[in-house]
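Asks: First, the structure itself, so that you have it in front of you.
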Amino acid sequence: MAKVYYGSQVTDIIGSIGGLTFQTANQSTIVRGRPVSSNAPTVYQQAQNVLFGQAVSAWGALSQSDQALWSTFASAHTKVDYYGTLKSLSGYNWFVSLYITASVLSLTPLTVPPAFAAVSQPPTFQALLEPVVSKLSLVWQPWYYHAGISLILFASPLVNSPVYSDRSSLYYMSVDNSAFNYIADVWDDFLATFFGSQAFTCHPSFKGGIKLGVVAVDRTSFLSSPMTFAFTEFVP
1 MAKVYYGSQV TDIIGSIGGL TFQTANQSTI VRGRPVSSNA PTVYQQAQNV
51 LFGQAVSAWG ALSQSDQALW STFASAHTKV DYYGTLKSLS GYNWFVSLYI
101 TASVLSLTPL TVPPAFAAVS QPPTFQALLE PVVSKLSLVW QPWYYHAGIS
151 LILFASPLVN SPVYSDRSSL YYMSVDNSAF NYIADVWDDF LATFFGSQAF
201 TCHPSFKGGI KLGVVAVDRT SFLSSPMTFA FTEFVP
């Protein structure tokens, strides 16, 4: 709905009417085509929705005694999210969270709560981007050996500055199950995540890079750590 403000003559109009949107810019009113939003989920979001539905069904299939165990677990333990914030969850929410994490790792979810132990945050890493040879690798120095741990990788699209919030949009990219001090070449994963089947192009004058995040997940308990971040410059 558009709002029109009257004086001795029409003095202002804001909002949308028909297919047009009126807005104020630089003390002047401009009109443009009304934007059409797209809520189409990504492939990953679709997969997450499927996993969530499976987790809800699995919770409903638990015995009352097992559900009570999860409630007791929840009352004793808070969850540390990817940004290091403590959150109180219900037994149901704990179950769903760990169920989805286990499924992402292609492992069998738990029906009873795990033994609780904090998962160490991955140390600082360096992201090495070599677009000329189409290679993006993550390297830890000194050695980071993570037996029994999977690393879940997140990334931003190409951004025009390294200075922005760690809470800015980071998207699931892939899982690494190796225990070495590096994650070799995830450039194809990056392209698939953000460009799909479209050809990747970047203007030669682009100045910016890629924000990356890594989360450690225990492969037995499916508990996870806060995220460690890195930024790598992209030079076309």
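Taking our numbering, I'd label the letters of the sequence shown as residues 1 to 236.
Even glycine gets a Cβ: it sits at the ideal position worked out from N, Cα and C.
Keep in mind that this is a model prediction, so the values were computed, not measured.
#1: Would you kindly work out how many angstroms separate the C-alpha atoms of Gln141 and Ser97, rounded to a whole number?
#2: Whole beta strand (DSSP E) runs in the segment 144-185 with 3 or more residues, listed along the chain?
#3: If distances are taken between C-alpha atoms only, which option among Ser75, Phe95, Tyr182, Ile100 comes closest to Ser88?
#4: Rounded C-beta distance between Ala147 and Met173? I'm assuming under 8 Å.
#5: What residue does the alpha helix (DSSP H) around Thr72 start on, and which one ends it?
#6: Write down the C-beta distance between Val159 and Lys211 rounded to the nearest angstrom, noting that I regard them as a contact closer than 8 Å.
#7: Could you give the distance in angstroms between the alpha-carbon of Val235 and the alpha-carbon of His203?
#8: Any idea what DSSP makes of Ser28, helix, strand or coil?
#9: Helix, strand or coil for Gly53, going by three-state DSSP, please let me know.
#10: Label Val36 either buried or exposed according to how many other C-beta atoms from any shown protein chain fall within 10 Å of its C-beta, with 16 as the threshold for buried.
#11: Output the distance between the C-alpha atoms of Ile152 and Asp176, rounded to the nearest integer angstrom.
#12: Given a cut-off of 8 Å, decide if Leu69 and Pro114 are closer than it, judged by their beta-carbon atoms.
#13: If you drop the 5 nearest sequence neighbours on each side, which residues of the same chain put their C-beta closer than 7 Å to that of Phe73?
#14: Please state whether DSSP places Phe229 in a helix, a strand or coil.
#15: Counting Cβ pairs, one atom from each stretch, are 3 or more of them under 8 Å apart for the segment 123-138 and the segment 180-192?
#16: To which residues of the same chain is Phe200 closer than 7 Å at the C-beta, ignoring the five residues directly before and after it?
#17: First and last residue of the alpha helix (DSSP H) that includes Ala192?
#18: Work out the CA separation of Gln64 and Phe194 for me, nearest whole Å.
#19: Drop a sphere of 10 angstroms on the beta-carbon of Tyr83, count the other beta-carbons inside from all chains shown, and report buried for 16 or more, exposed for fewer.
#20: May I ask you to report which of helix, strand or coil DSSP gives Gln48?
#21: Exposed or buried, Thr228, counting other C-beta atoms within 10 Å across all chains shown (16 or more means buried)?
#22: Please state whether DSSP places Ser38 in a helix, a strand or coil.
#23: Roughly how far, in whole angstroms, is the beta-carbon of Leu105 from the beta-carbon of Val217, given that I think they are within contact range, below 8 Å?
#24: What residue range is occupied by the uninterrupted alpha helix (DSSP H) comprising Leu212?
Replies: Reading off the structure:
#1: Here residue 141 corresponds to residue number 141 of the sequence shown, with the count starting at 1. Here residue 97 corresponds to residue number 97 of the sequence shown, with the count starting at 1. Approximately 31 Å, taken between the alpha carbons.
#2: 149-155, 171-176
#3: Within the sequence shown, residue 88 is the residue found at index 88, counting from 1. For the residues Ser75, Phe95, Tyr182, Ile100, the minimum Cα distance to Ser88 belongs to Ser75.
#4: Within the sequence shown, the letter at position 147 stands for residue 147. Within the sequence shown, the letter at position 173 stands for residue 173. Ala147 to Met173, Cβ: 23 Å. No contact.
#5: Taking the first residue of the sequence shown as 1, we reach residue 72 at position 72. Residues 64-76.
#6: Position 159 of the sequence shown, counted from the first residue, corresponds to residue 159. Position 211 of the sequence shown, counted from the first residue, corresponds to residue 211. Right, the Cβ-Cβ distance comes to about 6 Å (below 8 Å), so this counts as a contact.
#7: Counting from one through the sequence shown, the residue named residue 235 turns up at place 235. Counting from one through the sequence shown, the residue named residue 203 turns up at place 203. Rounded to whole angstroms, Val235 to His203 spans 10 Å at the Cα level.
#8: Along the sequence shown, read from residue 1 onward, the residue named residue 28 stands at position 28. A caution first: Ser28 carries a pLDDT of 48, below 50, which makes its placement in the model too unreliable to give a value.
#9: Indexing the sequence shown from 1 puts residue 53 at position 53. Of the three classes helix, strand and coil, the one that applies to Gly53 here is helix, per DSSP.
#10: Working through the sequence shown from its first residue, we reach residue 36 at position 36. Interpretation of Val36 is limited by its pLDDT of 46, a score under 50 that renders its predicted location unreliable; the figure taken from the coordinates is listed afterwards. Per the 10 Å Cβ criterion, exposed.
#11: For the purposes of this step, residue 152 is taken as the residue at position 152 of the sequence shown. For the purposes of this step, residue 176 is taken as the residue at position 176 of the sequence shown. Spanning the two alpha carbons is a distance of roughly 6 Å.
#12: As a position in the sequence shown, residue 114 is number 114, starting the count at 1. As a position in the sequence shown, residue 69 is number 69, starting the count at 1. Against a cut-off of 8 Å, the Cβ pair of Leu69 and Pro114 comes out as no contact.
#13: Translated into positions along the sequence shown, residue 73 becomes position 73. Same-chain partners within the cutoff: Gly91, Trp94, Pro113.
#14: Start at 1 with the first residue of the sequence shown, and residue 229 comes out as number 229. Strand, per DSSP.
#15: yes
#16: Position 200 of the sequence shown, counted from the start, is the residue given in the question as residue 200. These residues qualify, in order along the chain: Leu191.
#17: What you label residue 192 is simply residue 192 of the sequence shown in a count that begins at 1. Start and end: 187-195.
#18: Locating residue 194 in the sequence shown gives position 194, where the first residue counts as 1. Locating residue 64 in the sequence shown gives position 64, where the first residue counts as 1. Between Phe194 and Gln64, the C-alpha separation is close to 43 Å.
#19: Start at 1 with the first residue of the sequence shown, and residue 83 comes out as number 83. Tyr83 should be labelled exposed.
#20: Counting from one through the sequence shown, the residue named residue 48 turns up at place 48. Three-state DSSP puts Gln48 in a helix.
#21: Taking the sequence shown and counting its residues from 1, the one referred to as residue 228 is at position 228. Thr228 comes out buried.
#22: Position 38 of the sequence shown, counted from the start, is the residue given in the question as residue 38. Confidence at Ser38 is low in this model, with a pLDDT of 45, below 50, so its placement is unreliable and no value can be given for it.
#23: Taking the sequence shown and counting its residues from 1, one reaches residue 105 at position 105. Taking the sequence shown and counting its residues from 1, one reaches residue 217 at position 217. Contact flag correct, Cβ pair sits at about 7 Å.
#24: Here the question's residue 212 lines up with position 212 in the sequence shown. Run containing Leu212: none in the alpha helix (DSSP H); it sits in the beta strand (DSSP E), 208-218.
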